[in-house]
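Asks: Protein sequence lines correspond, in order, to chains C and X.
Following my numbering, the numbering of the first sequence begins with 49 at its first residue and continues without gaps.
Following my numbering, the numbering of the second sequence begins with 49 at its first residue and continues without gaps.
The C-beta atom is built at its ideal place from N, Cα and C for all residues, glycine as well.
There are 2 protein chains.
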Amino acid sequence: MPRGRPRKIDPNDALKAAMNILWERGYDRTSMADLVSATGMAKPGLYANLGDKDEIFQKALRLYQEEIGAPPINDLVTSPEPLKQSLRTALRGVLHAKEGSGLPEGCFIVNNSFACSAQSQQLKQALQDLNVERRDAFLLRFRRAETEGELPDSTDIKALADFFAGQAAAVSSMAQAGLSLTELHKMIEVSLSVLPEDPPRGGAQG
Amino acid sequence: MPRGRPRKIDPNDALKAAMNILWERGYDRTSMADLVSATGMAKPGLYANLGDKDEIFQKALRLYQEEIGAPPINDLVTSPEPLKQSLRTALRGVLHAKEGSGLPEGCFIVNNSFACSAQSQQLKQALQDLNVERRDAFLLRFRRAETEGELPDSTDIKALADFFAGQAAAVSSMAQAGLSLTELHKMIEVSLSVLPEDPPRGGAQG
DNA sequence: CTATTAAAATACCGAACCGTATTTTATTTA
DNA sequence: TAAATAAAATACGGTTCGGTATTTTAATAG
Numbered sequence: 049m050p051r052g053r054p055r056k057i058d059p060n061d062a063l064k065a066a067m068n069i070l071w072e073r074g075y076d077r078t079s080m081a082d083l084v085s086a087t088g089m090a091k092p093g094l095y096a097n098l099g100d101k102d103e104i105f106q107k108a109l110r111l112y113q114e115e116i117g118a119p120p121i122n123d124l125v126t127s128p129e130p131l132k133q134s135l136r137t138a139l140r141g142v143l144h145a146k147e148g149s150g151l152p153e154g155c156f157i158v159n160n161s162f163a164c165s166a167q168s169q170q171l172k173q174a175l176q177d178l179n180v181e182r183r184d185a186f187l188l189r190f191r192r193a194e195t196e197g198e199l200p201d202s203t204d205i206k207a208l209a210d211f212f213a214g215q216a217a218a219v220s221s222m223a224q225a226g227l228s229l230t231e232l233h234k235m236i237e238v239s240l241s242v243l244p245e246d247p248p249r250g251g252a253q254g
Numbered sequence: 049m050p051r052g053r054p055r056k057i058d059p060n061d062a063l064k065a066a067m068n069i070l071w072e073r074g075y076d077r078t079s080m081a082d083l084v085s086a087t088g089m090a091k092p093g094l095y096a097n098l099g100d101k102d103e104i105f106q107k108a109l110r111l112y113q114e115e116i117g118a119p120p121i122n123d124l125v126t127s128p129e130p131l132k133q134s135l136r137t138a139l140r141g142v143l144h145a146k147e148g149s150g151l152p153e154g155c156f157i158v159n160n161s162f163a164c165s166a167q168s169q170q171l172k173q174a175l176q177d178l179n180v181e182r183r184d185a186f187l188l189r190f191r192r193a194e195t196e197g198e199l200p201d202s203t204d205i206k207a208l209a210d211f212f213a214g215q216a217a218a219v220s221s222m223a224q225a226g227l228s229l230t231e232l233h234k235m236i237e238v239s240l241s242v243l244p245e246d247p248p249r250g251g252a253q254g
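1) Mapping the DSSP letters down to three states, classify Y75/C as helix, strand or coil.
2) Kindly indicate which residue of I57/C, T87/C, V180/C, A81/C has the alpha-carbon position closest to the one of M67/C.
3) For V125/X versus R189/X, is the C-beta distance shorter than 7 Å?
4) Under three-state DSSP, which class holds G117/X?
5) Helix or strand or just coil, what does DSSP make of L63/C?
6) Taking the continuous alpha helix (DSSP H) assigned at G214/X, which residues delimit it?
7) Could you compute how far the alpha carbon of S220/C sits from the alpha carbon of A213/X?
8) Please return the same chain residues whose Cβ sits closer than 8 Å to the Cβ of L232/X, not counting the five positions on each side in sequence.
9) Please classify G99/C: is it buried, with 16 or more other beta-carbons within 10 angstroms of its beta-carbon, or exposed?
10) Under DSSP, the alpha helix (DSSP H) around E237/X begins and ends at which residues?
11) What separation, rounded to the nearest whole angstrom, lies between the Cα atoms of S127/X and E194/C?
12) If you draw a straight line from the alpha carbon of G52/X to that of R73/X, how long is it in whole angstroms?
13) Run through the region 123 to 184 of chain X for me and flag every whole beta strand (DSSP E) of 3 or more residues, listed as ranges in chain order.
14) Can you tell me the Cα-Cα spacing of E245/C and D76/X, whole angstroms?
15) From the beta carbon of M49/X, is the nearest beta carbon of chain C less than 7 Å away?
16) Provide the residue span of the alpha helix (DSSP H) that contains R110/X, from first to last.
17) How should S161/X be labelled, buried or exposed, when 16 other C-beta atoms within 10 angstroms of its C-beta is the threshold for buried?
18) Could you tell me which of I57/X, F156/X, K107/X, S241/X sits nearest to G93/X, measuring between CA atoms?
19) Compare the C-beta of G141/X against all C-beta atoms of chain C and say whether one is closer than 7 Å.
20) Q215/X touches chain C at which residues, Cβ-Cβ below 8 Å?
21) For chain C, is any of its Cβ atoms less than 7 Å away from the one on N68/X?
22) Starting from K91/C, follow the alpha helix (DSSP H) in both directions and report where the run begins and ends.
23) Within 10 angstroms of its Cβ, does E114/C collect 16 or more other Cβ (buried), or is it exposed?
24) Could you tell me the boundaries of the alpha helix (DSSP H) in which S85/C lies?
25) What distance in whole Å lies between the Cβ atoms of D210/X and K172/C, which are believed to be in contact at a cut-off of 8 Å?
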């Protein structure tokens with residue numbers, strides 16, 4: 049056993065709890081006192097283990113991205129699923145909360161990308177980078193779709209990637225507006241209808 | 049002339065200035081001190097003329113809706129333009145800032161609908177109501193489109209309305225992510241492609 | 001010029017905020 | 001037990017916040 053007084057709370061657990069409350073309440077509306085009660089760790093302990101509020105937020109952001117945000121996006125790029133199905137999965141990935149109980153609704157990144165106009169430049173940049181990362185994942189998938197014939201060559205895949213990156217915000221916003229899960233799924237189906245009819249079948253292009 | 053010391057600042061001008069900074073920075077990141085310097089009106093004057101911070105925000109919200117938010121939505125419902133064109137106009141209406149100089153980017157309502165999980169119930173409700181209002185305007189337009197044959201009867205116009213209401217957030221978010229105006233317009237064109245092809249002519253673009 | 005009115009300007013208050021210095025407590029080593 | 005270590009718990013400091021009480025200033029009315 050280590051030397052001094054034993055830890056009451058594993059810093060990793062604390063970070064996870066911090067992520068959840070930051071996800072739920074956002075950066076501005078979460079105080080250090082909130083983080084203290086959410087984590088069960090006293091303030092000096094938080095600073096010693098996780099740093100100041102900005103650092104905690106950034107660590108929470110990374111944790112979210114690694115454990116929650118990135119997987120569906122990586123699947124999007126790597127999975128052999130057909131285009132439309134992989135996009136469906138990716139978009140539904142924004143709705144963790146409503147299905148898997150307990151988790152906050154919407155996307156942590158999107159939710160905090162608003163109301164950040166005067167945020168610390170570091171945080172602003174970190175959020176923008178993650179948004180770009182998601183957009184690029186879509187782009188990558190569309191490039192593959194193009195070469196594999198899932199999309200006509202004439203497609204403006206850059207615009208398509210921007211569009212789908214934006215759908216994360218669309219879905220998050222309507223989730224916060226109180227739509228039910230099935231309504232949100234219908235929204236997503238509408239988004240998917242911007243794609244050409246499922247098997248594009250050769251050169252049907254106009 | 050009235051009795052006492054003359055006003056330095058017209059309360060209407062102050063409200064307009066307050067709206068702009070609240071739009072730009074959001075509720076949480078705008079302090080009363082910010083409102084003081086933005087309006088040029090000292091704090092006690094603000095309270096006397098516009099009320100406390102919540103009241104000012106609500107008044108700003110109403111002003112935004114009346115002067116900026118509602119017009120393109122009303123046009124959507126009332127104008128005789130064909131469906132797709134009226135939707136295009138409505139969605140582009142979210143991008144005031146980038147075209148008409150000076151105005152903040154994105155939609156005031158959308159920008160503040162995030163990070164409000166613990167906001168005062170009043171404000172939360174006011175924001176939700178405005179979001180619903182917009183969604184209903186889309187719905188109204190789609191109902192008309194259905195009866196006028198602009199949409200097939202089989203269309204799920206409720207889902208379509210949710211989708212387009214969500215596009216306000218999509219566009220706002222990508223605007224904040226730094227997309228150019230033409231990129232944003234392309235995004236909007238992609239959104240519009242969920243509609244059934246009207247008489248096959250060349251794609252409109254701006 | 002004096003009184004009155006109404007707004008501006010200043011100064012102030014208590015609470016909440018982020019962050020830290022200090023003390024207590026629990027454990028291991030000697 | 002006593003010294004040493006490391007974490008928890010408490011208390012505190014400076015700042016900013018939303019909101020208000022108080023004073024000063026600029027105008028009109030008599």
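Replies: This is what the structure holds:
1) In the first sequence, the residue the question calls residue 75/C occupies position 27. Note: Y75/C maps to coil in three-state DSSP.
2) As a working note, residue 67/C is residue 19 in the first sequence. Nearest option by C-alpha distance: T87/C.
3) Residue numbering aside, residue 125/X sits at position 77 when the second sequence is read from its first letter. Residue numbering aside, residue 189/X sits at position 141 when the second sequence is read from its first letter. Result yes, Cβ atoms of V125/X and R189/X sit closer than 7 Å.
4) Locating residue 117/X in the second sequence gives position 69, counting from the first residue. Three-state result, G117/X: helix.
5) If you number the first sequence from 1, residue 63/C lands on position 15. DSSP places L63/C in the helix class (H, G or I) of the three-state scheme.
6) What you label residue 214/X is simply residue 166 of the second sequence in a count that begins at 1. Here the alpha helix (DSSP H) through G214/X covers 205 to 224.
7) The sequence position of residue 220/C within the first sequence is 172, counting from 1. The sequence position of residue 213/X within the second sequence is 165, counting from 1. If I take the Cα positions, the gap works out to 12 Å.
8) Working through the second sequence from its first residue, we reach residue 232/X at position 184. So the list reads L143, K146, V219, M222, A223, once near-sequence residues are dropped.
9) Here residue 99/C is taken as the residue at index 51 of the first sequence, counted from 1. Exposed is the call here.
10) By 1-based counting over the second sequence, the position of residue 237/X is 189. Where E237/X is concerned, the enclosing alpha helix (DSSP H) stretches over 229 to 240.
11) For the purposes of this step, residue 127/X is taken as residue 79 along the second sequence, with counting starting at 1. For the purposes of this step, residue 194/C is taken as residue 146 along the first sequence, with counting starting at 1. About 39 Å.
12) Position 4 of the second sequence holds residue 52/X. Position 25 of the second sequence holds residue 73/X. Approximately 35 Å between the Cα atoms of the pair.
13) The beta strand (DSSP E) runs of length 3 or more contained entirely in the region 123 to 184 of chain X do not exist; there are none.
14) Here residue 245/C corresponds to residue number 197 of the first sequence, with the count starting at 1. Here residue 76/X corresponds to residue number 28 of the second sequence, with the count starting at 1. Roughly 44 Å between the two C-alpha positions.
15) Start at 1 with the first residue of the second sequence, and residue 49/X comes out as number 1. Chain C, which has no Cβ nearer than 7 Å to the Cβ of M49/X, makes this no.
16) In the second sequence, the residue the question calls residue 110/X occupies position 62. Here the alpha helix (DSSP H) through R110/X covers 101 to 112.
17) One-based indexing of the second sequence puts residue 161/X at position 113. Burial call: buried.
18) As a position in the second sequence, residue 93/X is number 45, starting the count at 1. Among I57/X, F156/X, K107/X, S241/X, the Cα nearest to that of G93/X is on I57/X.
19) Numbered from its first residue, the second sequence carries residue 141/X at position 93. No, no contact with chain C.
20) Here residue 215/X refers to the residue found at position 167 when the second sequence is read from its first residue. Result: G214, A218.
21) Counting from one through the second sequence, the residue named residue 68/X turns up at place 20. Not an interface residue.
22) In the first sequence, counting from the first residue as 1, residue 91/C sits at position 43. Note, K91/C: alpha helix (DSSP H), 91 to 98.
23) On the first sequence, residue 114/C is found 66 positions in, with the first residue counted as 1. Under this definition E114/C is an exposed residue.
24) On the first sequence, position 37 is the one that residue 85/C refers to. Its alpha helix (DSSP H) spans residues 80 to 87.
25) As a working mapping, residue 172/C is identified with position 124 in the first sequence. As a working mapping, residue 210/X is identified with position 162 in the second sequence. About 30 Å separates the two Cβ atoms, so there is no contact after all.
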